[in-house]
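Data first, discussion second: the structure below is written as structure tokens.
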Amino acid sequence: MTTIYSGDEYQMFTRPGNPQINARFSIADQGQKRVSLKTSDITVAHAKAQAEPYKCKALAEAGLVVTNKKFEDIAQEFIEWLHRAVERGDKPEYQVKGNPGVIRRFFIPYFGKRLMSAITSADFNRFWEWRREYWLTGPGSKDPSIVYYRRKRDDVGPPARIVRPVKEKSPSPATLKLEGWLLRQVFEHGKRTGYVKHLPVIAPPKDTSRKDRSRPGLNRPGFPGDHLV
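To convert, count from 1 in the sequence shown and add 2; that's my numbering.
Spelled out as structure tokens, the structure:
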């Protein structure tokens, strides 16, 4: 990427092998915006680049998100941020042992190419159904195993590759609750970095199974006092 102009309001750049000029600029509370100016003429590019920030700022002031980014890119940024947070001691180490795998196995394959700002609560309802069927009839049914890498303490060599078979069943409500918490963390990261203005409601399915809470023995035949009824 070659920068051909850098000013206070915007910068212009080109990509290798492509003469088309692009612009980048910042939007308050939303992060950086990049646009293709669809021209290789520097004069025309300046005119377009001057107009773009004002147009996007007006949309942002109206409450719209103008710095769009795909879910998979923000999720990967979150994983990298999480690793740095653990290295600094801001987060417990266990969060980088299982959470990245959940994000890459379930969240990114389902939401990956979509703009994070365009994902709604209705999309989560469909995701939870897909997630509950993942190991039964979904993608996991074709290869019901989990692959992960583990390095022994003080081992400087490459981590060992471990393949663990998965019990083909629907995830428990407790598992879905934890995954819902993690999914919210990814979206909160998107909001912190300016790619999401409002957080959608992320509500995993609740446990609707009925539990027998009756006290044992109260209804058994021959209980003392039955003859008095």
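For each residue, glycine too, the CB sits at the ideal point set by N, CA and C.
Locate the alpha helix (DSSP H) running through residue i, then write down its first and last residues.
| i | result |
| --- | --- |
| Tyr56 | 44 to 63 |
| Tyr112 | 110 to 113 |
| Ser38 | Looking at the DSSP string, Ser38 is not in any alpha helix (DSSP H); the run it does join, the beta strand (DSSP E), is 33 to 38. |
| Asp125 | 123 to 134 |
If you draw a straight line from the C-alpha of residue i to the C-alpha of residue j, how long is it?
| i | j | result |
| --- | --- | --- |
| Arg36 | Lys171 | 44 Å |
| Ala128 | Lys179 | Note that residue 128 corresponds to Arg in the displayed sequence, not to Ala. Each residue's alpha carbon lies about 16 Å from the other. |
| Glu82 | Gln97 | 12 Å |
| Phe190 | Ile204 | For clarity, residue 190 is Glu in the given sequence; the question names Phe instead. Taking the straight line from one Cα to the other gives about 11 Å. |
| Gly103 | Leu61 | 36 Å |
| Arg107 | Trp137 | 12 Å |
| Ser42 | Asn24 | 9 Å |
| Gly9 | Lys71 | 24 Å |
| Phe73 | Thr45 | 35 Å |
| Asp209 | Pro175 | 6 Å |
| His48 | Trp183 | 45 Å |
| Ser28 | Pro206 | 35 Å |
| Tyr112 | Asp145 | 17 Å |
| Arg2 | Ala53 | Residue 2 is absent from the model: the chain starts at 3 and stops at 231. |
| Asn101 | Cys58 | 35 Å |
| Arg86 | Arg186 | 19 Å |
| Lys50 | Asp75 | 27 Å |
| Phe15 | Ala30 | 21 Å |
| Leu201 | Arg90 | 27 Å |
Using the Cβ count rule (16 or more neighbours within 10 Å means buried), how would you classify residue i?
| i | result |
| --- | --- |
| Leu84 | buried |
| Arg133 | buried |
| Asn20 | exposed |
| Glu181 | buried |
| Ser119 | buried |
| Val188 | buried |
| Tyr12 | buried |
| Tyr56 | exposed |
| Met3 | exposed |
| Gln234 | What is shown of the chain runs 3 to 231, which leaves residue 234 out entirely. |
| Val198 | buried |
| Pro18 | exposed |
| Ala77 | buried |
| Gly196 | buried |
| Glu39 | Just to set this straight, residue 39 is Leu in the shown sequence, not Glu. With 16 or more other Cβ atoms within 10 Å, it is buried. |
What does DSSP give as the partner residues of residue i in its beta bridges?
| i | result |
| --- | --- |
| Gln97 | Partner(s): none; Gln97 has no beta bridge. |
| Tyr7 | Met14 |
| Gln22 | Answer is none; Gln22 lacks a bridge partner. |
| Leu117 | Lys72 |
| Phe189 | According to DSSP, Phe189 bridges with nothing at all. |
| Ser28 | Gln34 |
Can you tell me where the beta strand (DSSP E) with residue i in it begins and where it stops?
| i | result |
| --- | --- |
| Arg90 | Counting along the chain, Arg90 falls outside any beta strand (DSSP E), though it belongs to the alpha helix (DSSP H) covering 73 to 90. |
| Val203 | Where Val203 is concerned, there is no enclosing beta strand (DSSP E), given that its DSSP letter is neither H nor E. |
Give a yes or no on whether the minimum CB-CB distance between residue i and chain D is below 7 Å.
| i | result |
| --- | --- |
| Thr122 | Reference to chain D is not applicable here, since this structure consists of a single protein chain. |
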